[in-house]
Every structure is written in C-alpha cells, then in structure tokens.
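Mapped onto the UniProt record's numbering, the consecutive letters of the sequence shown carry residue numbers 1 to 185.
Ideal Cβ placement from N, Cα and C applies to all residues, glycine included.
Beneath this line is the structure, given in structure tokens, with notes to follow.
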Amino acid sequence: MATAKTPAEAWVDAALPVLAAGGPDAVRVEQLANGLGVTKGGFYWHFPDRAAFLQRVLDRWEQLAVENVIEQLESHPGAARDKLRELFDIAFAFAVADEGQRAELAIRDWARRDPAVEARLRGVDERRMAYLRDLFAQICDDPLDTEARALTAYSLFVGQHFLATGHDGHTRHEVLRAALEGLLR
Numbered sequence: 001m002a003t004a005k006t007p008a009e010a011w012v013d014a015a016l017p018v019l020a021a022g023g024p025d026a027v028r029v030e031q032l033a034n035g036l037g038v039t040k041g042g043f044y045w046h047f048p049d050r051a052a053f054l055q056r057v058l059d060r061w062e063q064l065a066v067e068n069v070i071e072q073l074e075s076h077p078g079a080a081r082d083k084l085r086e087l088f089d090i091a092f093a094f095a096v097a098d099e100g101q102r103a104e105l106a107i108r109d110w111a112r113r114d115p116a117v118e119a120r121l122r123g124v125d126e127r128r129m130a131y132l133r134d135l136f137a138q139i140c141d142d143p144l145d146t147e148a149r150a151l152t153a154y155s156l157f158v159g160q161h162f163l164a165t166g167h168d169g170h171t172r173h174e175v176l177r178a179a180l181e182g183l184l185r
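Next up, the structure:
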C-alpha cells in the first residue's frame, strides 16, 4: 500500500497563511499542492474533502491560538498577575504578527457567514474568557468585577485589531500594557 509523502500537518500549516490572506474561499487544494510542490492527489490521501480539511485548519488555529498559550502559561507556577502579564505579551505578540492577526480576523469574518464556524469561534471565545475569569478571580473577590475585567481584557485583544489610530507618541504595546496594568489594580 502506498503512503502519503506530504504529512497532513504540512497541508494544514500551508493553509493557515492562505486563510489569513484571503479567507476560506482562498484555501484551494490545487494552490496548496503547488505551494508544497506536490500533486493534489496527496491531499485526498489525508482528507476526505475540502470541508473536513477546513475543520482541521480550524483545529490547528485553535491549538495555536488557545491551547498552546494556556499550556505555556500553566507549565510553570506563578501568581495570577504575572500570568496575566505574560498572557498579554503572548496574545499581543500573536496579534501583532501579521499572520496571527489576519488569521484571527479571517476566522471572525468567516464565522459571520458560516454557522458551524460561528459555533467553533464561540467555543474559542468562551475558552479564552473562562481562562481570563479564572486568573482575574485570583486577584479580585467580586464576581461582577472579575467578569468585567475578563471582558475588558478580552475586548482589548479582539478589538484592537480594528483600530487604525495612533496613540499620541506611544506604541500600541505601551498603551495596551498600561490598560492591562489598570485591570490588575
């Protein structure tokens, strides 16, 4: 029996920047095969169809954008404030990296048109919010304050993608860091 020479993850990893640049409609098997220097027959060795492949692409994005981040933070002990600072550094480095930001925006746009992707994105948002709630609950006693801080922090992450404004002599990172420090008081 023949085996596929291009691993499934190579196809998935090749699709992420394409998704980021052009949304799900830009993710085409033939173009990915050309980029990988292989035939498109290898694609069908790993994936029954394009829809299943796009689900794997979403799985990979979720792993990179959520699970790997949480695993990294939880891999070492630390106070909640320190973990929140590190989380912001990781999250905003991901957002500032052009591909990370564009992938997040492309998936959010895709979710507006596809109920299954909307459900996946809702799960990602809920997972991220739950983690923020857990951390903020360690530094404030009031459940409403915990929720408000978690929502504000997450809104900063998601919303800052849409802002094209300058910050009066400060970098975006400096302003976001100051906003986080305000939430940690």
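Coarse secondary structure for residue 46, derived from DSSP in three states
Assigned with DSSP and collapsed to three states, residue 46 falls in helix.
For the alpha helix (DSSP H) that residue 69 lies in, which residues bound it at each end?
Annotation for residue 69: the continuous alpha helix (DSSP H) segment containing it runs 68 to 74.
Given 8 Å, three or more beta-carbon pairs between the region 96 to 115 and the region 12 to 25:
Yes, the region 96 to 115 touches the region 12 to 25.
Three Cβ pairs or more, each shorter than 8 Å: is that satisfied between the region 77 to 88 and the region 116 to 135?
Short answer: they touch.
What are the start and end residues of each continuous alpha helix (DSSP H) run of 4 or more residues lying completely inside the UniProt domain "HTH tetR-type" (5 to 65), in chain order?
Every alpha helix (DSSP H) of 4 residues or more that sits fully in the UniProt domain "HTH tetR-type" (5 to 65) is shown, in chain order, as 8 to 22, 29 to 36, 41 to 46 and 50 to 62.
Residue 157, enclosing alpha helix (DSSP H) - first and last residue
For residue 157, the uninterrupted alpha helix (DSSP H) run begins and ends at 143 to 159, by DSSP.
Determine whether the beta carbon atoms of residue 6 and residue 27 lie at a separation below 7 Å.
Contact flag unset, no.
Alpha helix (DSSP H) containing residue 115: first to last residue?
Note, residue 115: alpha helix (DSSP H), 115 to 137.
Measure the C-alpha to C-alpha separation of residue 9 and residue 109 and round it to an integer number of angstroms.
Between residue 9 and residue 109, the C-alpha separation is close to 24 Å.
For residue 170: DSSP bridge partner residues:
Answer is 167, bridged to residue 170.
On the three-pair Cβ rule with 8 Å, is the region 60 to 67 touching the region 119 to 132?
Pairwise C-beta distances place the region 60 to 67 in contact with the region 119 to 132, as three or more of them are shorter than 8 Å.
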